[in-house]
Structure formats: C-alpha cells, structure tokens
Amino acid sequence: MKKIIILFYCIILFPVIYILSSFKEESFIDGNEIKNACMAYKVFVVDDIRDFTVTLTLILLIPVFFYLKKTKFRDAKFTLLIIALLLYSLWRFYIRLNFCHI
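Right under this line is the structure:
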C-alpha cells in the first residue's frame, strides 16, 4: 500500500513542478515578437520567484528520498521514476532558461 501511495505522490509531483516552475510572463509568447520562454524571461521577468519555488519543490521531494533510503534503491522502476522526476525539475527550473543561446 505504501508503494502505491508514494507512486501516486511521484506522479502528482510532475504537474506540481510544472506549476511551480512556470512564470506568468510565459503567456506573452506569441511566436512573432516573443518566440520562446527564454525571450519572455529576458524581456518581462523582473521579480523571479523560482528561488523560492525550487526550495519548495525540494521540500516536496523529501518523502520520496526517505522512501528511497528505506528501500535502499532496490526497486529499479521506482528509482528510474525518481531520476526522471529530478531531471524534469532540473529542466524546468534551470536548464530551459539558462542555456537559451545554445
């Protein structure tokens, strides 16, 4: 039962990370003048709150880390799900906006 609960929690974390890593200026992307999130971030974002929301995301990931420690990484599928979750949060908070010019 615990495995099902933690699995459901991990699946719910994907949209939560999406919401926490979004910024309202992404709605200004029109494809003509503002072509992508990098341009919207550089042009419109004045107060970036992602430093707070990434901390909140790490706090939300604590139960997952405890479960991984408890199971000692024995479940390969669950470990891959956690790695995907961490890579997704890394993408949403850091990579997509810091490597725009590449």
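The numbering of the sequence shown is my numbering, which starts it at 15 and goes up by one. Note that beta-carbon positions come from the ideal geometry of N, C-alpha and C, so glycine has one too. Small disclaimer: the values here were computed from a predicted structure and weren't measured.
Query                                                                                                                                                                    : Result
Grab me the residues of N50's own chain with a C-beta within less than 8 angstroms of its C-beta, minus the 5 sequence neighbours each way, in chain order.              : I43, C114
Please state whether DSSP places R110 in a helix, a strand or coil.                                                                                                      : helix
What do you reckon, are the CB atoms on R106 and I31 nearer than 8 angstroms?                                                                                            : yes
Output yes or no for whether 8 angstroms exceeds the beta carbon distance between T71 and L34.                                                                           : yes
If you draw a straight line from the alpha carbon of A54 to that of I63, how long is it in whole angstroms?                                                              : 15 angstroms
Please list, in chain order, all residues of the same chain as C52 whose beta carbon is under 7 angstroms from its beta carbon, the five residues on each side excluded. : L111, C114
For L94, count the other beta carbons within 10 Å of its own beta carbon; 16 or more makes it buried, fewer makes it exposed. Which is it?                               : exposed
Exposed or buried, what is I25 when buried is set at 16 or more other beta-carbons lying within 10 Å of its beta-carbon?                                                 : exposed
Measuring straight from C-alpha to C-alpha, what distance separates I76 and K56?                                                                                         : 32 angstroms
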